[in-house]
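S.K.: Below: one structure in structure tokens.
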Amino acid sequence: MIGRFIGDKRGNYAPPARRAAGTIRQFLRSGDGSLMPIVVMVMMSLLLAIGFSVDYTSAVTTRSNMQSALDAATLSITTMDTTTTKAARQAALQDAYAANSGLGTVTLKRVDVAADGTAAFSATASYPMPTTFMGIAKIDSVQIGVGSSVRKTPALVQADFKVSKVSGYWNKTMYLYGTQFGQTNAQSLMRIDYTYSNYKFSYTSGKNTYTVGEPKGYGTTTVYTVNGSTETKVQQQACTTTGSTTAFTNPVAGSIPGSTKDTRTNKTIYFNTTCTTTTYPANGPGAAIDVSQMNQLYLQMKVPSGNPQTLQSNDATTSNRLYIGTSQTDMPEIATGQKVDIFSVVPCGETSYQAWEDGGNAVPAPVSNADFFYTVTGKCAFNKRPSETVMTQ
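Be aware that the sequence shown starts at 0, since it is given in numbering that gives the first Met the number 0, and climbs by one per residue.
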């Protein structure tokens, strides 16, 4: 059709079209090389564009891989002891970087551990990546650099446990277990035994003698620190209960009142319980537990007469019997289905108030129903636990 149009002498545009076509045919038949430089220049431009694209993509991938390797390597050296030399950290950093397929060399720039245990680490890595196509433009390599910074907050290194009040008709034992870094088996760090004293009050009404038990139940609680097979008694609380058919006047400060009505005689029986706490040595902190080498912690309550018999803070099915708060009266109950991280619920330099309901009452229930009250005071410093570490760059 185009050929007919060009050959059509009737059209006004036919002669110019025929002349243009002839010029093109003449140019294409030309052998003087005028077209070759243009083709070469176009091909060079295309090759450079493709080459730059390939090398750029390779550089982006390499940089991403280097960043991941450096982040992992920097995090790995934050678990080393504070006494570790910078040279040893540098060697460990390089090894970890290479193990994570990092290219080039890595440099440890900063290691700072403040007095409160806050630590900061930073490192860089560089690699002259060889180019594949950019060498055409005399660019044989591209320098790739990445950086990584880590901040590590102070973490719990010591927990001081003190019994406040334990009650109930059931004997029970609370344990603190910890798993060291690099270990899989938990070890006992503390044991608290409670033994019910089973106090009974007898009185006479008419010609008959009646016996009534104190409604809450108190006994003796003993706290031990545990180091392998060695147990050391550090605190004991002994509670003594007395009963009366009349209300107590001027009871001892801090004593625990109680009462119950004996339906057999329609009399109200009054009780007063006094607890004496002794620490070993005197004025000691109670159970001061070193947890600086522990990666995991959990509490366990054994109640042989309860159902269930074993309660654990890291068990989502039984942790709802644990109360944790900021005061003796402000202790919310752990929600059902939630595991408790002891490291996070014990604040640095402050006291955490905690209690257990041993299974004698259904939960949820007010904290007043709990049976095992104690406090935990945390001491924080630098800790090797990786969970306290965050990337800042």
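Think of the CB as a built atom: it goes at the ideal place given N, C-alpha and C, for glycine as much as any other residue.
(1) With DSSP as the reference, label Gln93 as helix, strand or coil.
(2) According to DSSP, is Ser52 part of a helix, a strand, or is it coil?
(3) Would you call the stretch 268-279 and the stretch 238-254 touching, i.e. three or more CB-CB distances under 8 Å?
(4) Identify the residues that DSSP records as bridge partners of Leu155: which are they?
(5) If you count every other CB in all the chains shown that lies within 10 Å of the CB of Ala286, and 16 or more means buried, which is it?
(6) Roughly how many whole angstroms lie between the Cα atoms of Asn207 and Lys199?
(7) Would Ser125 and Gly103 qualify as a contact pair, given that the criterion is a beta-carbon distance under 8 Å?
(8) So is Ala87 buried or exposed if we call it buried at 16+ other beta carbons inside 10 Å?
(9) Look at the alpha carbon of Lys301 and the alpha carbon of Thr376, and state the distance between them as a whole number of angstroms.
(10) Near Pro127, which residues of its chain fall below 6 Å by C-beta distance, leaving aside the five closest residues on each side in sequence?
(11) Select from Gly305, Ser228, Ile288, Met173 the residue whose C-alpha is nearest the C-alpha of Gln353.
(12) Taking the alpha-carbon positions, what's the Glu349 to Gly205 distance?
(13) Work out the CA separation of Met65 and Gly324 for me, nearest whole Å.
(14) Where does Thr374 fall in DSSP's three states?
(15) Which of the three DSSP states is assigned to Arg70 in this structure?
(16) Shortest alpha-carbon distance to Tyr217 belongs to which of Ser228, Lys232, Thr194, Tyr202?
(17) Is it right to say Arg320 is buried, meaning 16 or more other beta carbons lie within 10 angstroms of its own, or is it exposed?
(18) I believe Ala180 touches Val149 by the beta-carbon criterion, under 8 Å. Please report the beta-carbon distance rounded to the nearest angstrom.
(19) Given that a residue counts as buried once 16 or more other Cβ atoms are within 10 Å of its Cβ, and exposed if not, what is Gln299?
(20) Within this structure, are the beta carbons of Asn170 and Pro303 separated by less than 8 Å?
(21) Between Ser163 and Tyr373, is the Cβ-Cβ spacing less than 8 Å?
(22) Looking at the structure shown, is Ala118 part of a helix, part of a strand, or coil, going by DSSP?
(23) Tell me whether the beta-carbon of Tyr223 lies closer than 8 Å to the beta-carbon of Glu230.
(24) Beta strand (DSSP E) containing Ser204: first to last residue?
(25) Could you pull the start and end residues of the beta strand (DSSP E) that Phe270 belongs to?
(26) Check Ala98 in the structure and name its three-state DSSP category.
(27) With DSSP as the reference, label Ser105 as helix, strand or coil.
(28) Does DSSP classify Phe342 as helix, strand or coil?
(29) Give the single residue among Ala97, Asn294, Gly116, Ser312 whose Cα lies nearest to the Cα of Thr393.
M.R.: So, from the listed chains and residues:
(1) As a working mapping, residue 93 is identified with position 94 in the sequence shown. The answer is helix: DSSP assigns Gln93 an H, G or I state.
(2) As a working mapping, residue 52 is identified with position 53 in the sequence shown. If DSSP states are grouped into helix, strand and coil, Ser52 belongs with the helices.
(3) yes
(4) Taking the sequence shown and counting its residues from 1, the one referred to as residue 155 is at position 156. Paired residue(s): Cys379.
(5) The count along the sequence shown starts at 1 and reaches residue 286 at position 287. Ala286 should be labelled buried.
(6) Start at 1 with the first residue of the sequence shown, and residue 207 comes out as number 208. Start at 1 with the first residue of the sequence shown, and residue 199 comes out as number 200. Whole-angstrom Cα-Cα distance: 16 Å.
(7) Along the sequence shown, read from residue 1 onward, the residue named residue 125 stands at position 126. Along the sequence shown, read from residue 1 onward, the residue named residue 103 stands at position 104. Cβ atoms of Ser125 and Gly103: closer than 8 Å.
(8) For the purposes of this step, residue 87 is taken as residue 88 along the sequence shown, with counting starting at 1. With fewer than 16 Cβ atoms within 10 Å of its Cβ, Ala87 is classed as exposed.
(9) Walking along the sequence shown from the start, residue 301 turns up at place 302. Walking along the sequence shown from the start, residue 376 turns up at place 377. C-alpha separation (whole angstroms): 23 Å.
(10) Along the sequence shown, read from residue 1 onward, the residue named residue 127 stands at position 128. Result list for Pro127: Ser140, Gln142, in chain order.
(11) Looking up residue 353 in the sequence shown gives position 354. Taking only the C-alpha atoms, the option nearest Gln353 is Met173.
(12) Along the sequence shown, read from residue 1 onward, the residue named residue 349 stands at position 350. Along the sequence shown, read from residue 1 onward, the residue named residue 205 stands at position 206. Taking the straight line from one Cα to the other gives about 56 Å.
(13) In the sequence shown, residue 324 corresponds to position 325, counting from 1. In the sequence shown, residue 65 corresponds to position 66, counting from 1. Each residue's alpha carbon lies about 45 Å from the other.
(14) Here the question's residue 374 lines up with position 375 in the sequence shown. Under the three-state reduction of DSSP output, Thr374 falls in the strand class.
(15) Numbered from its first residue, the sequence shown carries residue 70 at position 71. Just to set this straight, residue 70 is Asp in the shown sequence, not Arg. Here Asp70 sits in helix by DSSP.
(16) Taking the first residue of the sequence shown as 1, we reach residue 217 at position 218. Taking only the C-alpha atoms, the option nearest Tyr217 is Thr194.
(17) On the sequence shown, residue 320 is found 321 positions in, with the first residue counted as 1. Burial call: buried.
(18) As a working mapping, residue 180 is identified with position 181 in the sequence shown. As a working mapping, residue 149 is identified with position 150 in the sequence shown. Looking at the sequence provided, one finds Phe at residue 180 rather than Ala. So it is not a contact: roughly 18 Å between Cβ atoms.
(19) Taking the first residue of the sequence shown as 1, we reach residue 299 at position 300. With 16 or more other Cβ atoms within 10 Å, it is buried.
(20) Against the sequence shown, residue 170 aligns to sequence position 171. Against the sequence shown, residue 303 aligns to sequence position 304. It is a contact, given that the beta carbons lie within the stated cut-off.
(21) In the sequence shown, the residue the question calls residue 163 occupies position 164. In the sequence shown, the residue the question calls residue 373 occupies position 374. It is a contact, given that the beta carbons lie within the stated cut-off.
(22) Start at 1 with the first residue of the sequence shown, and residue 118 comes out as number 119. Reduced to three states, the DSSP call for Ala118 is strand.
(23) In the sequence shown, residue 223 corresponds to position 224, counting from 1. In the sequence shown, residue 230 corresponds to position 231, counting from 1. Their beta carbons are under 8 Å apart, which means Tyr223 touches Glu230 by this criterion.
(24) Taking the sequence shown and counting its residues from 1, the one referred to as residue 204 is at position 205. Segment 199-204, the beta strand (DSSP E) holding Ser204.
(25) In the sequence shown, residue 270 corresponds to position 271, counting from 1. 266-278 is the extent of the beta strand (DSSP E) around Phe270.
(26) Translated into the one-based positions of the sequence shown, residue 98 becomes position 99. Three-state result, Ala98: helix.
(27) On the sequence shown, position 106 is the one that residue 105 refers to. Correcting the residue identity first, residue 105 is Val in this sequence and not Ser. Val105 falls in the strand class under three-state DSSP.
(28) Locating residue 342 in the sequence shown gives position 343, where the first residue counts as 1. Phe342 falls in the helix class under three-state DSSP.
(29) Only positions 0 to 392 of the chain appear in this structure, which leaves residue 393 out of reach.
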